[in-house]
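**Student:**
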Amino acid sequence: MDRILQRSGLGDKTCVSKGLLSDPMDMSTKAAKEEVEMAVFGAIDELLLKTGVRCEEIGILVSVCGVFNIMPSLSSVIVKRYKLREDIRSYNMTGMGCSAGLIALGLVQNLLKVHDNSYALLVTTESTTDNVYKGNDRSKLLSNCVFRVGAVALLLSNKPSNQNTCKYELVHTVRSQTAKNDRSYNCIFMEEDEQGHRGISINKDLLYAAMKTIRSNISTVAPLVLPLSEQFRYLMNIIVRRFRTGSKMEPYNPEFSRAIDHFFPHVGGKPVLDDLQKKLGFSDEQMEASRMTLYRFGNTSNSSIWYEVAYAEAKGRVKKGDTLWQIAFGSGFKCSSVIWRATRSIDCDEMNPWSDEIDEFPVDVSKIGALSDLFVASK
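Here our numbering is used: the first residue of the sequence shown is 594, the next is one more, and so on.
1. Taking the alpha carbon of A921 as the reference point, which residue from G909, A907, G862 has its own alpha carbon closest?
2. Using the C-alpha atoms, what's the distance from N945 back to L613?
3. Within this structure, are the beta carbons of K673 and C648 separated by less than 8 Å?
4. Does the Cβ-Cβ distance between C738 and L598 come in under 8 Å?
5. To the nearest angstrom, how far is it from the Cα of F661 to the Cα of V902?
6. Check this for me: beta carbons of A713 and A636, under 8 Å apart or not?
7. Where DSSP assigns a beta bridge to I637, which residues make up the other side?
8. Report the option in R851, G891, Y801, L704 whose CA atom is closest to the CA atom of K872.
9. Tell me which residue opens and which closes the alpha helix (DSSP H) that T806 is part of.
10. Just the Cα atoms here: how many angstroms apart are V958 and Q919?
11. How about I795 and S896: are their beta carbons less than 8 Å apart?
12. Starting from the C-beta of L887, find all residues in its chain whose C-beta is less than 6 Å away, skip the five residues before and the five after it, and write them out in chain order.
13. Count the other CB atoms, across all protein chains shown, that sit within 10 Å of the CB of K913; report buried if there are 16 or more and exposed otherwise.
14. Since S769 sits in a beta bridge, which residues does DSSP pair it with?
15. I'd like the span of the beta strand (DSSP E) that includes T838, first residue to last.
16. Would the C-beta of A882 count as close to the ligand GTP, meaning under 7 Å from any of its heavy atoms?
17. Output the boundary residues of the beta strand (DSSP E) element that contains F922.
18. Work out the CA separation of P858 and V865 for me, nearest whole Å.
19. Quick check on the burial criterion: 16 or more other C-beta atoms within 10 angstroms. Buried or exposed for I939?
20. Starting from N779, follow the alpha helix (DSSP H) in both directions and report where the run begins and ends.
21. Do you know whose CA, among V764, G743, E823, N724, lies nearest N751's CA?
22. Can you tell me whether E679 is helix, strand or coil according to DSSP?
23. Taking the DSSP output, what are the residues bridged to V716?
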């Protein structure tokens, strides 16, 4: 496991739960719940303080936690803590992996289309306490090394009065899934090992599944955002490769930089980021927010992409009218994209998670070795 930690792309300041730091480790449901509540309540408290929105004004609540599942649900825990309305429309999503945050965002978007003049609270987190593997199966050790504590709380609104105060306008949400393919379905899988220890297996098909699903997602995103000239080149490339017998033409990677100002791919892990950059042609600068988020905060599952946005905000890079593209992917295999437009220039505020140390970044992570050879072969 030392080799994995040294080559994971994570730095020395990432956070794990109190239960995992105790001796012996406390992996109880109580400890896992305390971890989630600490992260979630902190995020919501800051959000309410920043926006000035009162709890009784929130009409929609969606909570997301990939692995940890409790009863009453996390959404009920939040309702109880903040005394939310009795008629609140609350939803709780689990088991949908690292792309669940953007999937939930699509759900919120649809809910706001049918419920006028509403505030929606979206909360995403993961429990590292409940996600630790105690055995020796190498395929299950990677998740021990890259996942860390984190949470995000977002406030979305369709109130006309918020048009001039919101940071971003939600433009597009796009989902793709390749679960019908065995290699995609099995590349990330929760199961017990021979000794009965539960863990999440990750095998070499992860990179195959990720790129297959991401390309499918991008093929839907492309016509929504690209200028006509890029759409034409992209379409002609597809036609030639599909219908010209014996054609060895490589897939065309559209110049998304002509339409997108900021890319935020899910941190996943170093091998996924390396493969994504290589095959999709992203520049080092376009990948900076993802790599720095992985280094500073680790993989916080469905919350990671928002730490990336916070990085760009802390750097003062998000200007009025900029277009932002978030891509998240995870088990299933699923991929989700969200396109945002900045309604104003964003300055770093004191509640930004990067505010105290943004001047220390970026750091050089190019010398960290690859992890691909540590993956276990697929079944």
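Note that beta-carbon positions come from the ideal geometry of N, C-alpha and C, so glycine has one too.
**Tutor:** So, from the data block:
1. Within the sequence shown, numbered from 1, the residue matching residue 921 stands at position 328. Of the residues G909, A907, G862, the one whose Cα lies closest to the Cα of A921 is G862.
2. Here residue 613 refers to the residue found at position 20 of the sequence shown. Here residue 945 refers to the residue found at position 352 of the sequence shown. Spanning the two alpha carbons is a distance of roughly 26 Å.
3. Taking the first residue of the sequence shown as 1, we reach residue 673 at position 80. Taking the first residue of the sequence shown as 1, we reach residue 648 at position 55. No.
4. Looking up residue 738 in the sequence shown gives position 145. Looking up residue 598 in the sequence shown gives position 5. A contact, by the Cβ cut-off of 8 Å.
5. The count along the sequence shown starts at 1 and reaches residue 661 at position 68. The count along the sequence shown starts at 1 and reaches residue 902 at position 309. Rounded to the nearest angstrom, the two C-alpha atoms are 25 Å apart.
6. On the sequence shown, position 120 is the one that residue 713 refers to. On the sequence shown, position 43 is the one that residue 636 refers to. No, they are not a contact pair.
7. As a working mapping, residue 637 is identified with position 44 in the sequence shown. Answer by DSSP bridge pairing: none, since I637 is not bridged.
8. The residue you call residue 872 lines up with position 279 of the sequence shown. Ranking the options by Cα distance to K872, first place goes to Y801.
9. If you number the sequence shown from 1, residue 806 lands on position 213. Counted as a single uninterrupted DSSP element, the alpha helix (DSSP H) harbouring T806 occupies residues 798 to 818.
10. Looking up residue 958 in the sequence shown gives position 365. Looking up residue 919 in the sequence shown gives position 326. Using only the alpha carbons, I get a separation of about 22 Å.
11. As a working mapping, residue 795 is identified with position 202 in the sequence shown. As a working mapping, residue 896 is identified with position 303 in the sequence shown. It is not a contact, given that the beta carbons lie outside the stated cut-off.
12. Counted from its first residue, the sequence shown places residue 887 at position 294. Excluding residues within five positions, the ones whose Cβ falls inside 6 Å are G602, V860.
13. Start at 1 with the first residue of the sequence shown, and residue 913 comes out as number 320. Residue environment analysis places K913 among the exposed positions, since fewer than 16 neighbouring C-beta atoms fall within 10 angstroms of its C-beta.
14. Residue mapping note: residue 769 aligns to position 176 of the sequence shown, counting from 1. In DSSP, S769 forms a bridge with C928.
15. The count along the sequence shown starts at 1 and reaches residue 838 at position 245. First-last for T838: undefined, no H or E at that position.
16. Absent from the structure shown: the ligand GTP. Ligands present: none.
17. Within the sequence shown, residue 922 is the residue found at index 329, counting from 1. In the DSSP annotation of this structure, the continuous segment of the beta strand (DSSP E) that includes F922 starts and ends at 916 to 923.
18. Here residue 865 is taken as the residue at index 272 of the sequence shown, counted from 1. Here residue 858 is taken as the residue at index 265 of the sequence shown, counted from 1. So the alpha carbons of these two residues sit roughly 10 Å apart.
19. Against the sequence shown, residue 939 aligns to sequence position 346. With 16 or more other Cβ atoms within 10 Å, it is buried.
20. One-based indexing of the sequence shown puts residue 779 at position 186. From DSSP, the alpha helix (DSSP H) with N779 extends over 775 to 779.
21. In the sequence shown, counting from the first residue as 1, residue 751 sits at position 158. Of V764, G743, E823, N724, the residue nearest in Cα terms is V764.
22. Your numbering for residue 679 matches position 86 in the sequence shown. If DSSP states are grouped into helix, strand and coil, E679 belongs with coil.
23. As a first step, residue 716 is located in the sequence shown; it is residue number 123 there, counting from the start. Beta-bridge partners of V716 (DSSP): S656, A746.
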